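Remarks on the structure that follows.
In the numbering used here, the protein residues as written are 142 to 279.
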């Protein structure tokens, strides 16, 4: 099956929901009333938080708007490898995602990039956060 951008986004959200539910979290997909959160989550201990899921099928730049920062917000960067099976999930607290995003933007602007570009982080930047489930509320 050929994955389109839309399939990949939906697969990333579904896989994140599945992995969270498997770990005892209560998870709900959101709709357009929640422009930043793809998933609303309640931890096993009752802590409420949101997740923005970014998914892609190529080892490419992770594009995103300026990250929201809150102790109740996380980013899941999900790589869907249709050829080799199971997706990779990189899990970052919003504060960490914000730091990485700003570091990249600062570096690129100092090298002459335009300030109003759409920013994000390089493909390999989130690798230390692979399967970082321990950063989520218990």
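Heads up, the beta-carbon is just placed ideally off N, CA and C, and yes, glycines get one too. Treat the numbers as computed from the prediction; the structure is a model and nothing was measured.
- Rounded to the nearest whole angstrom, the C-alpha separation of residue 247 and residue 240 is 11 Å.
- Annotation: residue 252 to residue 182 spans about 39 Å, alpha carbon to alpha carbon.
- In the three-state scheme derived from DSSP, where H, G and I count as helix and E and B as strand, residue 220 is classed as strand.
- As a beta-bridge residue in DSSP terms, residue 204 pairs with 261.
- Taking a cut-off of 8 Å for Cβ pairs, the region 226-233 and the region 169-187 do not touch, as fewer than three such pairs fall below it.
- In this structure, residue 221 lies near residue 153, with their beta-carbon atoms less than 8 Å apart.
- Going by DSSP, residue 241 is part of no beta strand (DSSP E) but of the alpha helix (DSSP H) stretching over 235-251.
- A straight line joining the alpha-carbon of residue 215 with that of residue 234 spans about 5 Å.
- In terms of Cα proximity to residue 170, the closest of 163, 164 and 191 is 191.
- The DSSP-derived three-state label of residue 191 is strand.
- In this structure, DSSP gives residue 162 a helical state, which the three-state scheme calls helix.
- Our two residues, residue 168 and residue 217, have alpha carbons roughly 14 Å apart in a direct line.
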